[in-house]
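In the working numbering, the protein residues as written are 8 to 582.
Virtual Cβ for every residue (Gly too), placed ideally from N, Cα, C.
In this text the structure is predicted, and so the values were computed from the model without any measurement.
Below is one structure, written out as structure tokens; comments come after it.
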């Protein structure tokens, strides 16, 4: 068993400065991964790959947590005093009320916690790891140092890893570095003193692959990772809701008022030369009488009833106090894709340069989507399922996968003796590699059509549609392509996509508005698409603030502006 597996250090050298072969030896593993038996042994030694220990649902903890409220403590004290005064009937009534209130709150939170645990089990995240020489789906929390991962676009990174193989591999590291642009990951060795953002041969836990493919050696897991160290420094208690804060303050106020009255009345009776013991008993009885015994149970029953109604609408309430907070909401910030819209891309139409329906654009986009293998994405899935073509006469030769720097995807395919280089992607990024445009079947200089193409793009985007560009180039007999070959291409047309609104979403937004809740849309999509969606859901003449503009706004001015803004578009992860 490797001594350094948990921290990834080889002597004084951090793992990113150690050659891959040497690190494999130190971790006592191979490029083909671990055996299942060895992986189980390491899991027992190092524990689950988690930032915090997995805790079983503790019903005693939830039950005793119901007695932390000052009001409940006052009632317990009042019951104790009543018992001391031999008023066992009142003592029993007060304790019964406290128990009913506490049990109701406990049962609601216990049921909700169990439901959440079941949901988390259903959505358990897995990654592809090499075990016994073959790729297997392994839960993230069972990944151990020495595992070798097979990574593709969209995969989460379950630990701090050294890159062993890389093909156009890019990772989003915004959670660690704040950098919104994906970082390219390459095989190699970097200097030991290299800052986190410059470690190009390392994949970090808490990040995810956005494009390309690769293999990586897991070196650190759980709290030993960079993300785990950050997590340890950011451990905070769950924030107190406004309702909890109000109840706590009311409880303290009640305690103070009761104490003052009791002391004052006791002192007044003593001043009148009444028996001290009788005066003390009278003051204690008054304290019991002033205590609102039914308030906790009324609050708990009311919140529980609200939680049950929400449960019938498939809403799980984990903390009863959050129900009141939810009811007092005045602003709802919502993402666009998958929340207001269906979240499923559909191909609306394929157009040539002049805006006419084009079968050729649709065919070339289909070839590009079918033959690409580096980046599984909903756009290509929509193209393949909604508009299938027979590609029996086509042969794939090569590809350059999509990445978030180029924002293009290229494939090289052979058809009837011709080698066609077909590129699709974000329209501006496709146009920047085009020197010609196809017009009425002829290739003309694109310079004279730039305004017309951009105008059509703006018109389509203003309707809430997403527009991709499609271009091609005849490469004669070339059998491979690289990024550098994306030059001198001919623009052939637009691929128009849409993500329709969810059924009834406009009515839902109208109902929210009627209840005094204001909707604000926060999205990374461009301002034209975001504006159109906002209008569709019922935002009249919405005020818009874009991510690039936010860079120029001071931290002091931003809180003043956001109250009037309805749509935040082109927002970066850091923002």
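Residue i, enclosing beta strand (DSSP E) - first and last residue
i           : result
residue 202 : Here residue 202 belongs to no beta strand (DSSP E), and DSSP marks it neither H nor E.
residue 172 : 167 to 179
residue 32  : Residue 32 -> not in any beta strand (DSSP E); alpha helix (DSSP H) instead, spanning 27 to 33.
residue 48  : Looking at the DSSP string, residue 48 is not in any beta strand (DSSP E); the run it does join, the alpha helix (DSSP H), is 43 to 53.
residue 403 : 401 to 407
residue 575 : 574 to 576
residue 446 : 441 to 446
residue 529 : 525 to 529
residue 216 : 215 to 227
residue 339 : 338 to 341
Rounded straight-line distance, which links the Cα of residue j to that of residue i
i           : j           : result
residue 458 : residue 526 : 36 Å
residue 391 : residue 202 : 42 Å
residue 29  : residue 190 : 25 Å
residue 554 : residue 560 : 10 Å
residue 25  : residue 200 : 12 Å
residue 208 : residue 370 : 38 Å
residue 356 : residue 339 : 34 Å
residue 234 : residue 42  : 27 Å
residue 259 : residue 99  : 24 Å
residue 326 : residue 502 : 47 Å
residue 286 : residue 264 : 18 Å
residue 1   : residue 231 : Lying outside 8 to 582, the shown extent of the chain, residue 1 is not represented and no answer is given.
residue 513 : residue 335 : 22 Å
residue 329 : residue 567 : 27 Å
residue 410 : residue 352 : 19 Å
residue 238 : residue 58  : 7 Å
residue 438 : residue 476 : 7 Å
residue 666 : residue 142 : Since the first residue of the chain shown is 8 and the last is 582, residue 666 is not available in this structure.
residue 381 : residue 451 : 32 Å
residue 273 : residue 110 : 36 Å
residue 281 : residue 269 : 15 Å
residue 90  : residue 102 : 10 Å
residue 403 : residue 386 : 20 Å
residue 358 : residue 499 : 9 Å
residue 508 : residue 393 : 19 Å
residue 20  : residue 160 : 30 Å
residue 53  : residue 146 : 16 Å
Which residues DSSP lists as bridging residue i, in chain order
i           : result
residue 415 : 432
residue 6   : This structure cannot settle anything about residue 6, because the visible part of the chain is limited to 8 through 582.
residue 547 : DSSP lists no partner for residue 547.
residue 375 : Residue 375 pairs with nothing; no bridge assigned.
residue 453 : The partner list for residue 453 (beta bridge, DSSP) is empty, contrary to what the question assumes.
residue 534 : The partner list for residue 534 (beta bridge, DSSP) is empty, contrary to what the question assumes.
residue 353 : 505
residue 422 : 401, 425
residue 210 : 168
residue 478 : 430, 498
residue 552 : 575
Buried or exposed (CB count within 10 angstroms, at least 16 for buried), residue i
i           : result
residue 415 : buried
residue 510 : exposed
residue 86  : buried
residue 364 : exposed
residue 428 : buried
residue 250 : buried
residue 422 : exposed
residue 558 : exposed
residue 130 : With a pLDDT of only 48 at residue 130, under the threshold of 50, the placement of this residue in the model should not be trusted; the figure read from the coordinates follows. Exposed is the call here.
residue 267 : exposed
residue 39  : exposed
residue 506 : buried
residue 406 : buried
residue 6   : This structure cannot settle anything about residue 6, because the visible part of the chain is limited to 8 through 582.
residue 320 : exposed
residue 443 : buried
residue 154 : buried
residue 552 : buried
Terminal residues of the alpha helix (DSSP H) in which residue i lies
i           : result
residue 6   : No answer is possible for residue 6: the residues shown for the chain start at 8 and end at 582.
residue 465 : 457 to 469
residue 256 : 249 to 278
residue 329 : 328 to 334
residue 157 : No alpha helix (DSSP H) holds residue 157; the beta strand (DSSP E) holding it covers 155 to 159.
residue 567 : 565 to 569
Meets three-Cβ-pair contact criterion under 8 Å: the region 167 to 187 and the region 221 to 228: Look at the beta carbons and you see the region 167 to 187 touching the region 221 to 228: at least three pairs across the two are nearer than 8 Å.
Sufficient close CB pairs (3 or more, under 8 Å) joining the region 340 to 350 to the region 396 to 404: Contact fails between the region 340 to 350 and the region 396 to 404, because fewer than three Cβ pairs, one in each stretch, are under 8 Å apart.
contact_flag[the region 458 to 476, the region 312 to 323] where n(CB pairs < 8 Å) is 3 or more: No: the two stretches stay apart, fewer than three of their Cβ pairs being nearer than 8 Å.
Inter-stretch contact (C-beta, 8 Å, three-pair minimum) for the region 529 to 549 and the region 478 to 491: They do not touch, by the three-pair rule.
The region 224 to 234 contacting the region 152 to 170, beta-carbon criterion three pairs below 8 Å: With the cut-off at 8 Å, the region 224 to 234 and the region 152 to 170 touch.
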